[in-house]
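A.B. asks: Going by mature numbering (1 follows the signal peptide of the UniProt record, and there is no 0), the letters in the sequence shown line up with residues -19 to -1, 1 to 161, in that order.
Where is the CB? At the ideal position from N, CA and C, for every residue including glycine.
One structure follows; several queries about it will come next.
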Amino acid sequence: MKSFTAVIALFSAAACVSAAPTAFPTASNDIYRPTGVFQPGTLPGLYTHHVALDGTVHTEYHGEMNTTVPVSGTKPAKRGSTGVHCSNLSFSASDASAAAQGLANSFNSQPQFYHAISYSSGSATAYGCDYGNGQRMSSVEYMGYFNDVSFDCGSTKEGWYSLPDAKASYGVTTAGNGFC
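Given below as structure tokens:
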């Protein structure tokens, strides 16, 4: 079981960014949360997340990335229960934009991820959740989802775009808040 978990962790980390990850910005390299809720650390940058076979949650910090990315995207076609969902949690609009651009930029270098991926900036965390067998995302497509959430929920409110057919969701929440 340990080797399978190690393979998943290695595959998850390799799928998210090509650079080797740096140490997580806490006392250890791993954060384990028995609840199964993903949470990024407090430093701005890219995080990858996965649940091990024993149910523990693993979070890895990869550092900050260049966040130069197009801020416009095409609006995805809505199907079934697909769409935007909002809550009342709030954050800075500029932090949300920087977090979304950081996450979108990660899709430029490595468009595939498994389980969850997030990018934190100040008071906001942008994230992607995989409920299936991996996701493939482009920066332009991701920014389309982010723009829809910002338009429907407001630029300072938490929200996510659900894609039940793709077994995925993409959103933004307050830094330190769980997601997926």
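#1: For ALA77, which three-state DSSP category applies?
#2: What does the Cβ neighbour count give for PHE94, buried or exposed, with the cut at 16 atoms within 10 Å?
#3: Could you tell me the boundaries of the alpha helix (DSSP H) in which ASN69 lies?
#4: Where does SER104 sit, in a helix, a strand or coil, going by DSSP?
#5: Can you name, in chain order, every residue of its own chain whose Cβ lies under 6 angstroms from the Cβ of LYS148, other than the five neighbours on each side?
#6: Flag this pair as yes or no: are the beta carbons of VAL65 and ASP146 separated by less than 8 angstroms?
#7: In angstroms with no decimal places, state the Cα-to-Cα distance between SER73 and THR37.
C.D. replies: Looking at the coordinates:
#1: Residue numbering aside, residue 77 sits at position 96 when the sequence shown is read from its first letter. Three-state result, ALA77: helix.
#2: Here the question's residue 94 lines up with position 113 in the sequence shown. Label assigned to PHE94: buried.
#3: Walking along the sequence shown from the start, residue 69 turns up at place 88. Not the alpha helix (DSSP H): ASN69 falls in the beta strand (DSSP E), residues 64 to 71.
#4: By one-based count along the sequence shown, residue 104 stands at place 123. Of the three classes helix, strand and coil, the one that applies to SER104 here is coil, per DSSP.
#5: Here the question's residue 148 lines up with position 167 in the sequence shown. So the qualifying residues of the chain are TYR112, GLY113.
#6: For the purposes of this step, residue 65 is taken as residue 84 along the sequence shown, with counting starting at 1. For the purposes of this step, residue 146 is taken as residue 165 along the sequence shown, with counting starting at 1. VAL65 is not a Cβ neighbour of ASP146, given a cutoff of 8 angstroms.
#7: One-based indexing of the sequence shown puts residue 73 at position 92. One-based indexing of the sequence shown puts residue 37 at position 56. Approximately 31 angstroms, taken between the alpha carbons.
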